[in-house]
């Protein structure tokens, strides 16, 4: 457990001053939860318990993911994705990047409530701050990272934070796992097409309560209907802690997104359970011409690896 001593972090910069001093959470009943175990108090997304949260983040199907996002879109709070749309992704912004799915689960203050605890993710400082929901009137202290508040606990994004605060059987089982958790990594490559840039990142991100391995392709340029950018992968492989491996798998090309600004995610792994090992190797495949007669360009490979056979 990496519970970080508060005295060592008194100089952490205060971030996300987006709430007023009179902001409080609203008391809601169990009847307010939808069929997915979710509700909103107008400020953040709330899951009824850890089990409901795990159902929507542990490698959800595309149909379930779309259902989750559709329900969130009906809620009254602002998500991180709404307030922080990705306008560029480069070496200066990748370390604070939050994957598209998770960025719609947390709110504009980087917070989410799961069961009896509220969590704030700080990707820049690699910390997760936790406040019991019974102290929800101290929410402002949480988002301002007021570490003099004794009700706020602070962990590392490397930790299995849900397991550390929970006493359920699954958490106890996870604690007993002796395999190491792999560190987060990312690598990006770019491909210039007539002065227009397409970038691709291979990413394994950890947020303490969420892990995601995926490929992310992005461009804010405009392309014609006869130009197509794809994600190509080779020997994608993952292994969760104390679990069997998945893969390898390779894709010659993966789904070209729209032509007026590219944004495409190829998911590999989503879970609360951290990976012991992974291998992500991807590049951009760009085609120009009709679907039967075209020229092809490739970027170099964006490759990340930890404890893998590759």
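In the numbering used here, the protein residues as written are 3 to 312. Every residue gets a Cβ at the ideal spot worked out from N, C-alpha and C, and that includes glycine. None of the values given here were measured: they were computed from a predicted structure.
If we count the other Cβ atoms within 10 Å of its Cβ and call it buried at 16 or more, is residue i buried or exposed?
i: residue 296; result: exposed
i: residue 302; result: exposed
i: residue 119; result: buried
i: residue 286; result: buried
i: residue 304; result: buried
i: residue 320; result: Given that the chain is displayed from residue 3 to residue 312, the structure contains no residue 320 and the question cannot be resolved.
i: residue 182; result: exposed
i: residue 126; result: exposed
i: residue 75; result: exposed
i: residue 145; result: buried
i: residue 147; result: buried
i: residue 42; result: buried
i: residue 136; result: exposed
i: residue 124; result: buried
i: residue 93; result: exposed
i: residue 238; result: buried
i: residue 298; result: exposed
i: residue 47; result: buried
Nearest CA to the CA of residue i: which residue from the options?
i: residue 129; options: 155, 66, 71 and 190; result: 155
i: residue 240; options: 144, 193 and 213; result: 213
i: residue 226; options: 291, 183, 255 and 266; result: 291
i: residue 160; options: 141, 310, 275 and 53; result: 275
i: residue 152; options: 162, 158 and 141; result: 141
i: residue 39; options: 184, 73 and 45; result: 73
i: residue 58; options: 88, 97, 116 and 91; result: 116
i: residue 199; options: 189, 223 and 52; result: 223
i: residue 300; options: 195, 208 and 242; result: 195
i: residue 49; options: 121, 157 and 191; result: 121
i: residue 228; options: 37, 236 and 293; result: 293
i: residue 289; options: 208, 230, 264 and 245; result: 230
i: residue 273; options: 208, 37, 71 and 189; result: 208
i: residue 107; options: 93, 85 and 92; result: 85
i: residue 236; options: 221, 246, 256 and 267; result: 256
i: residue 211; options: 104, 309 and 134; result: 104
i: residue 56; options: 70, 43 and 264; result: 70
i: residue 88; options: 245, 311, 52 and 220; result: 220
i: residue 187; options: 270, 54, 133 and 97; result: 97
i: residue 52; options: 197, 168, 77 and 68; result: 168
i: residue 45; options: 134, 36, 77 and 54; result: 77
i: residue 206; options: 36, 254 and 267; result: 267
What residue range does the alpha helix (DSSP H) around residue i cover?
i: residue 68; result: 64 to 75
i: residue 57; result: 52 to 59
i: residue 314; result: Because the chain here runs from 3 to 312, residue 314 falls outside it and cannot be looked at.
i: residue 165; result: 163 to 167
Rounded to whole angstroms, what's the CA-CA distance from residue i to residue j? Just pull it up for me.
i: residue 306; j: residue 233; result: 15 Å
i: residue 202; j: residue 284; result: 8 Å
i: residue 249; j: residue 139; result: 46 Å
i: residue 80; j: residue 100; result: 16 Å
i: residue 163; j: residue 204; result: 24 Å
i: residue 179; j: residue 191; result: 35 Å
i: residue 166; j: residue 157; result: 9 Å
i: residue 243; j: residue 309; result: 11 Å
i: residue 311; j: residue 246; result: 14 Å
i: residue 149; j: residue 132; result: 11 Å
i: residue 82; j: residue 91; result: 16 Å
i: residue 67; j: residue 54; result: 13 Å
i: residue 269; j: residue 35; result: 28 Å
i: residue 102; j: residue 265; result: 10 Å
i: residue 271; j: residue 185; result: 15 Å
i: residue 254; j: residue 197; result: 25 Å
i: residue 37; j: residue 143; result: 31 Å
i: residue 193; j: residue 251; result: 24 Å
Mind checking which residues open and close the beta strand (DSSP E) that includes residue i?
i: residue 308; result: 304 to 308
i: residue 142; result: Segment 141 to 145 is the alpha helix (DSSP H) holding residue 142; no beta strand (DSSP E) there.
i: residue 129; result: 129 to 134
i: residue 281; result: 277 to 291
i: residue 110; result: From DSSP, residue 110 is part of no beta strand (DSSP E); its letter is neither H nor E.
i: residue 254; result: 247 to 256
i: residue 193; result: 187 to 195
i: residue 233; result: 229 to 242
i: residue 215; result: 213 to 224
i: residue 41; result: 40 to 42
i: residue 313; result: Residue numbering for the chain in the displayed model covers 3 to 312; residue 313 lies beyond these limits and cannot be assessed.
Kindly indicate if chain C contains any beta-carbon less than 7 Å away from that of residue i.
i: residue 48; result: Looking at the structure shown, chain C is missing, and only one protein chain is on hand.
Does the contact criterion of 3 or more C-beta pairs under 8 Å hold for the region 274 to 283 versus the region 214 to 231? Judged by Cβ distances under 8 Å, the region 274 to 283 makes contact with the region 214 to 231, as three or more pairs qualify.
Cβ contact (3+ pairs, closer than 8 Å) linking the region 105 to 118 and the region 60 to 68: Result no; under three Cβ-Cβ pairs closer than 8 Å.
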